[in-house]
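Reading through the structure tokens given below for one structure.
2 protein chains.
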Amino acid sequence: MISQEAHFTFLDTGHIATPKGWQAGVAASEIRYRGRNDVALLVSERPCTAAALFTTNKVKAAPVLYDQALLERNSTGIQAVVINSGIANACTGEPGLAATTATAENSEKILSLPKDSVFVMSTGVIGMQLPVEKLLLGIKKAAQALDSANGPAAARAIMTTDTHPKDCALQVLLPSGGQIQLGGMAKGAGMIHPNMATLLSLITTDAVVNPTFLHSALQSAADRSFHCISIDGDTSTNDTLLVLANGCSGVEISDSADKKAFIEGLTLVCQRLAQEIVRDGEGATRFITIEVCGALNDGAARQAGMTIAKSSLVKTALFGADPNWGRVVCALGYSGVELEPERVILHFGGMKVFEHGLPLDFDEKAAHNLLNMPEVLIEADLGLGEGKATIWTCDFSYEYVKINAEYRT
Amino acid sequence: MISQEAHFTFLDTGHIATPKGWQAGVAASEIRYRGRNDVALLVSERPCTAAALFTTNKVKAAPVLYDQALLERNSTGIQAVVINSGIANACTGEPGLAATTATAENSEKILSLPKDSVFVMSTGVIGMQLPVEKLLLGIKKAAQALDSANGPAAARAIMTTDTHPKDCALQVLLPSGGQIQLGGMAKGAGMIHPNMATLLSLITTDAVVNPTFLHSALQSAADRSFHCISIDGDTSTNDTLLVLANGCSGVEISDSADKKAFIEGLTLVCQRLAQEIVRDGEGATRFITIEVCGALNDGAARQAGMTIAKSSLVKTALFGADPNWGRVVCALGYSGVELEPERVILHFGGMKVFEHGLPLDFDEKAAHNLLNMPEVLIEADLGLGEGKATIWTCDFSYEYVKINAEYRT
């Protein structure tokens, strides 16, 4: 066997159920929304190895608590995921946890699956109890509609304030010659901040992967995707990133070149979904990429970039396309990373605006025009080391305030 | 001598030059603003002991670097402070530092004061060089106008985006029977976040205070005032809190009861100024007090309260008077402090909205009305210990976005 380079191809019409052995079903349970699908069911024809990252918020939604415990009990026999939108089942106490448990156990019966084989995810308003009976009726309907073509409908069913569904599929030709597929879907447009960054994200694959490697691959992929985005700096109660590998391709990820390619593929899928979430950020008018290099290490680069991405002053300036280098330099200064201001070099849209601790005499109007675009690049070279990171965020608009200030009805 | 309780009285028309032996002068140097005073000079008739807290931002303005070094050389022989508005002298490199040094040294000559006796503070735009010659002409004019009645004019001269001046004076009757006065002024309406919280704040007193105690008193006062406010979470390059004690009252702060009273008085002045800064927060429509109790310690209480105060989702909800307890609970959850959600009790405007890990069935309309006020109280009891803190912040409005998104002209 000749070792070759890995090849990655995003499939134009790919989705969460594109990898072999996956089916999706959706239904309208009407637990909160009217006249739209609000339940998505993902089912694998074989048991999966699973890995997940959950919110670091100390206030965790019932499904997060349930899934964390389930993953500890069983990381190799998962076969389905039930997701509902409309109600997050967070801040719901013991009744909320009982509702999630009932959802999982009844789903296992409906799908004729063994005990401890179903994950549950919920997204929507906090503090409202989940009407389990209604939800189970929806799950039954979704189970009758299972089909490998239903991935796009699933991505749509899990939306809340999202303005468009977010899904993709990637084909990976491994260096060893085998071919696998990854599918992904995500939702989330507010309360977006790392650890975990998105409310809900699910990734499927047909590769054969052991759970230990799957977990480390997910951590690595998240560090270069979901942990690199910020919309408003709030870490939610429900954030979950879950990956399930059902092995239906028969291709095992075992040698180190294939492992590297798998991590790379998983990272590409995570980045695509994370970027879609930022593009759909509440009230966002610009998609902003922040490239930090020259930090002492990658962690410091990420911390510096995330501090810029979180600054309300930077985000409002970018809404106004104001080339306000001072706010970016100021954010670097309080980011907590090692910094020597006179070594920092800053570019806005490719134009150098700051060097040697001083602003350059740049053309403000030209810089304004470079920032007055749907996609904007900010580059910060700290000039100290080899650490680098790429962060994605959006601007802070009137519309953000409007969406989040409106009195709930 | 009979030991008695301390008495504190804010003086209706008090200001920075109210304590004995202080004079202020103002002038228009026209370094950036047109047709308004932009230079303030504070001069003591005797050398002062000094203590200061400076920004923790690694990008420090030239006057911050100068004052830090000066304070290390001389903490007992300071006699004047020069403050200019319009130009912050930050991100100005070596020329900026030379400008501050020239300002200090020439001011010493103009005022016939010894070397190393003048502090310099600057506030305004970042990245612009200070025209020293013009500034010195202004300082000369201000020196000719020195008068103990000019405190209010000084508070006005240091304003930038502030909509009103911030100053006060406090009379303290000490337990030992002596009487001293404290004067204060501050400016700042954006880039407001602790360490240091305000752009510039100066406090004078006529008490006799040794520099070591003065520093610890200032740290203690700041921890209950400037370190407890947040407007937008950005820590500026120029933040400075300076206190000068000239001893002209002849009253020495020596016994422990008097020391406690001095700290209390200094805290009251700092709190008054810090609260005025929040009330003047860019685009603020509400003044919000967050009382946290039941934390494991005071530091944890402050961290929890500041996390709530910084949350864009909480601040936009408060702009809309939305009783969105979920966002407050969520912020507590990611604040990083020890938390057991089922022990948390939350009140909005005195109305209990959350307990035992669950929202109460409260009257949403009544809660909305309680939040739809110019002054709003949020109380969070973490139910774990004795730690408590009070935080002051403001809401996040359309106007905040407008002020900070406008393209600089």
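So the protein lines, in turn, are chains Z and U.
For what it's worth, the working numbering labels the leading residue of the first sequence as 61, then goes sequentially.
For what it's worth, the working numbering labels the leading residue of the second sequence as 61, then goes sequentially.
The C-beta atom is built at its ideal place from N, Cα and C for all residues, glycine as well.
Quiz item: Does DSSP put U:W452 in a helix, in a strand, or in coil?
Solution: Your numbering for residue 452 of chain U matches position 392 in the second sequence. DSSP places U:W452 in strand when its eight states are reduced to three.
Self-check item: Per-residue contacts from U:N464 into chain Z (C-beta, under 7 Å)
Solution: Along the second sequence, read from residue 1 onward, the residue named residue 464 of chain U stands at position 404. Within chain Z, the residues near U:N464 are L373, T376, A377.
Practice problem: Return no unless some Cβ of chain Z is closer than 7 Å to the Cβ of U:L546. | Solution: In the structure as shown, chain U begins at 61 and stops at 469. Residue 546 of chain U is therefore absent and cannot be evaluated.
Quiz item: By DSSP, does U:L418 sit in helix, in strand, or in coil?
Solution: Indexing the second sequence from 1 puts residue 418 of chain U at position 358. Reduced to three states, the DSSP call for U:L418 is strand.
Quiz item: What is the rounded straight-line gap between the Cα of U:G156 and the Cα of U:D227?
Solution: For the purposes of this step, residue 156 of chain U is taken as residue 96 along the second sequence, with counting starting at 1. For the purposes of this step, residue 227 of chain U is taken as residue 167 along the second sequence, with counting starting at 1. Going from the Cα of U:G156 to the Cα of U:D227 covers about 29 Å.
Practice problem: With a floor of 3 residues, list each beta strand (DSSP E) that falls wholly inside the region 73–129 of chain Z, ordered by position along the chain. | Solution: Counting only runs of at least 3 residues, the region 73–129 of chain Z fully encloses the following beta strand (DSSP E) elements, listed from N- to C-terminal order: 82–87, 99–114.
Quiz item: In whole angstroms, what is the alpha-carbon distance linking U:T258 and U:A148?
Solution: Translated into positions along the second sequence, residue 258 of chain U becomes position 198. Translated into positions along the second sequence, residue 148 of chain U becomes position 88. Confidence in U:T258 is poor, its pLDDT being 47 and thus under 50, which makes the residue's placement unreliable; the coordinate value appears in the next sentence. Between the alpha carbons of U:T258 and U:A148 lies a distance of about 14 Å.
Self-check item: chain U within 7 Å of Z:T258, Cβ atoms only
Solution: Position 198 of the first sequence, counted from the first residue, corresponds to residue 258 of chain Z. Any reading at Z:T258 needs caution, since the residue's pLDDT is 46, under 50, leaving its predicted position unreliable; the model's value is listed next. It does not: the Cβ of Z:T258 has no partner Cβ on chain U nearer than 7 Å.
Quiz item: Which one of Z:S457, Z:K462, Z:A465 has the shortest CA to CA distance from U:A465?
Solution: On the second sequence, residue 465 of chain U is found 405 positions in, with the first residue counted as 1. Selected option, being the one with the closest Cα: Z:S457.
Exercise. Please list the partners that U:G244 has in chain Z, where partner means a Cβ-to-Cβ separation under 9 Å.
Key: Translated into the one-based positions of the second sequence, residue 244 of chain U becomes position 184. Within chain Z, no residue comes near U:G244; the closest Cβ sits about 25 Å away, beyond 9 Å.
Practice problem: Determine the DSSP secondary structure at Z:Q231, reduced to helix, strand or coil. | Solution: Working through the first sequence from its first residue, we reach residue 231 of chain Z at position 171. Reduced to three states, the DSSP call for Z:Q231 is strand.
Quiz item: Are any of the Cβ atoms in chain Z nearer than 7 Å to that of U:I348?
Solution: For this step, residue 348 of chain U is matched to residue 288 along the second sequence. It does not; no Cβ of chain Z falls within 7 Å.
Exercise. Just the C-alpha distance for Z:D266 and Z:L173, rounded to the nearest angstrom, thanks.
Key: By one-based count along the first sequence, residue 266 of chain Z stands at place 206. By one-based count along the first sequence, residue 173 of chain Z stands at place 113. C-alpha separation (whole angstroms): 19 Å.
Quiz item: What is the DSSP secondary structure of Z:D283, counted as helix, strand or coil?
Solution: Taking the first sequence and counting its residues from 1, one reaches residue 283 of chain Z at position 223. It is helical.
Exercise. Note the first and the last residue of the continuous beta strand (DSSP E) segment covering Z:A557.
Key: Nothing can be reported for residue 557 of chain Z: it is not among the residues displayed for chain Z, which extend from 61 to 469.
Quiz prompt | Contacts that U:H416 makes with chain Z (C-beta to C-beta distance below 7 Å) | solution = Counting from one through the second sequence, the residue named residue 416 of chain U turns up at place 356. Contact of U:H416 with chain Z by beta-carbon distance below 7 Å involves G153.
Quiz item: Should U:I186 be flagged as near chain Z, meaning a C-beta pair shorter than 7 Å?
Solution: On the second sequence, residue 186 of chain U is found 126 positions in, with the first residue counted as 1. By this cut-off, U:I186 is an interface position.
Self-check item: Minimum Cβ-Cβ distance from U:T221 to chain Z less than 7 Å
Solution: Within the second sequence, the letter at position 161 stands for residue 221 of chain U. No, because no Cβ of chain Z sits closer than 7 Å to the Cβ of U:T221.
Practice problem: Please decide whether Z:T367 counts as near chain U, where near means a Cβ-Cβ distance under 7 Å. | Solution: Locating residue 367 of chain Z in the first sequence gives position 307, where the first residue counts as 1. Not an interface residue.
Practice problem: Name, going along the chain, the residues of the region 379–410 of chain Z whose beta-carbon falls closer than 9 Å to a beta-carbon of chain U. | Solution: If you check each beta-carbon in the region 379–410 of chain Z against every beta-carbon of chain U, the ones closer than 9 Å belong to F379, G380, A381, D382, P383, N384, W385, G386, R387, V389, C390, A391, L392, G393, Y394, S395, G396, V397, E398, L399, E400, P401, E402, V404.
Self-check item: Contact check, U:G243 vs U:T264, beta carbons under 7 Å
Solution: Taking the second sequence and counting its residues from 1, one reaches residue 243 of chain U at position 183. Taking the second sequence and counting its residues from 1, one reaches residue 264 of chain U at position 204. In contact: U:G243 and U:T264 (Cβ atoms closer than 7 Å).
Quiz item: With 7 Å set as the bound, which would you pick, yes or no: does the beta-carbon of U:T160 sit closer than that to a beta-carbon of chain Z?
Solution: Along the second sequence, one-based indexing puts residue 160 of chain U at 100. U:T160 does not count as touching chain Z.
Exercise. Return the residue from the list Z:I76, Z:L101, Z:W82 that minimises the CA-CA distance to Z:A88.
Key: Residue numbering aside, residue 88 of chain Z sits at position 28 when the first sequence is read from its first letter. Nearest of Z:I76, Z:L101, Z:W82 to Z:A88, Cα basis: Z:L101.
Exercise. Could you tell me whether the region 438–457 of chain U touches the region 350–357 of chain U, using the rule of 3 or more Cβ pairs below 8 Å?
Key: yes
Quiz item: Which of the three DSSP states, helix, strand or coil, is assigned to Z:M181?
Solution: As a position in the first sequence, residue 181 of chain Z is number 121, starting the count at 1. Here Z:M181 sits in strand by DSSP.
Practice problem: Determine the direct distance from the alpha carbon of U:F408 to that of Z:A129, and round the result to whole angstroms. | Solution: Locating residue 129 of chain Z in the first sequence gives position 69, counting from the first residue. Locating residue 408 of chain U in the second sequence gives position 348, counting from the first residue. So the alpha carbons of these two residues sit roughly 34 Å apart.
Quiz item: Can you list, in chain order, the residues of its chain whose CB lies under 7 Å from that of Z:L378, leaving out five sequence neighbours each side?
Solution: Stepping through the first sequence from its first residue, residue 378 of chain Z is reached at position 318. Within the same chain, Z:L378 has close Cβ partners R346, I348, L431, V436, D455.
Quiz item: Are Z:A246 and Z:L333 close, meaning C-beta to C-beta below 7 Å?
Solution: Position 186 of the first sequence, counted from the start, is the residue given in the question as residue 246 of chain Z. Position 273 of the first sequence, counted from the start, is the residue given in the question as residue 333 of chain Z. Their beta carbons are under 7 Å apart, which means Z:A246 touches Z:L333 by this criterion.
Exercise. Quick one: list the residues of chain U neighbouring Z:S296, beta-carbon separation under 7 Å, in chain order.
Key: For the purposes of this step, residue 296 of chain Z is identified with residue 236 of the first sequence, where counting begins at 1. Chain U residues near Z:S296: C390.
Quiz item: Counting only beta-carbon atoms, is Z:Y126 nearer than 7 Å to chain U?
Solution: Here residue 126 of chain Z refers to the residue found at position 66 of the first sequence. No - not a single Cβ of chain U is within 7 Å of the one on Z:Y126.
Quiz item: Between Z:A281 and the rest of its own chain, which residues show a CB-CB distance below 6 Å, the 5 nearest in sequence each way excluded?
Solution: Position 221 of the first sequence, counted from the first residue, corresponds to residue 281 of chain Z. Correct list, in chain order: L326, T327, C330.
Quiz item: If you check the beta carbons only, do U:S145 and U:G95 fall under 7 Å apart?
Solution: For this step, residue 145 of chain U is matched to residue 85 along the second sequence. For this step, residue 95 of chain U is matched to residue 35 along the second sequence. Contact flag unset, no.
Quiz item: Between U:I186 and U:E342, is the Cβ-Cβ spacing less than 7 Å?
Solution: Stepping through the second sequence from its first residue, residue 186 of chain U is reached at position 126. Stepping through the second sequence from its first residue, residue 342 of chain U is reached at position 282. Cβ atoms of U:I186 and U:E342: not closer than 7 Å.
Self-check item: Selection from Z:V397, Z:G417, Z:G396 that minimises the alpha carbon distance to Z:L406
Solution: As a working note, residue 406 of chain Z is residue 346 in the first sequence. Among Z:V397, Z:G417, Z:G396, the Cα nearest to that of Z:L406 is on Z:G417.
Quiz item: So, is Z:A426 buried or exposed, given that buried needs 16 or more other C-beta atoms within 10 angstroms?
Solution: Along the first sequence, one-based indexing puts residue 426 of chain Z at 366. Answer is exposed; the Cβ neighbour count stays below 16.
Practice problem: Quick one: residues in its chain with C-beta nearer than 6 Å to the C-beta of Z:N501, no 5 flanking neighbours on either side, listed in chain order? | Solution: Past the boundaries of the shown model lies residue 501 of chain Z; chain Z is included only from 61 to 469, so the question cannot be answered.
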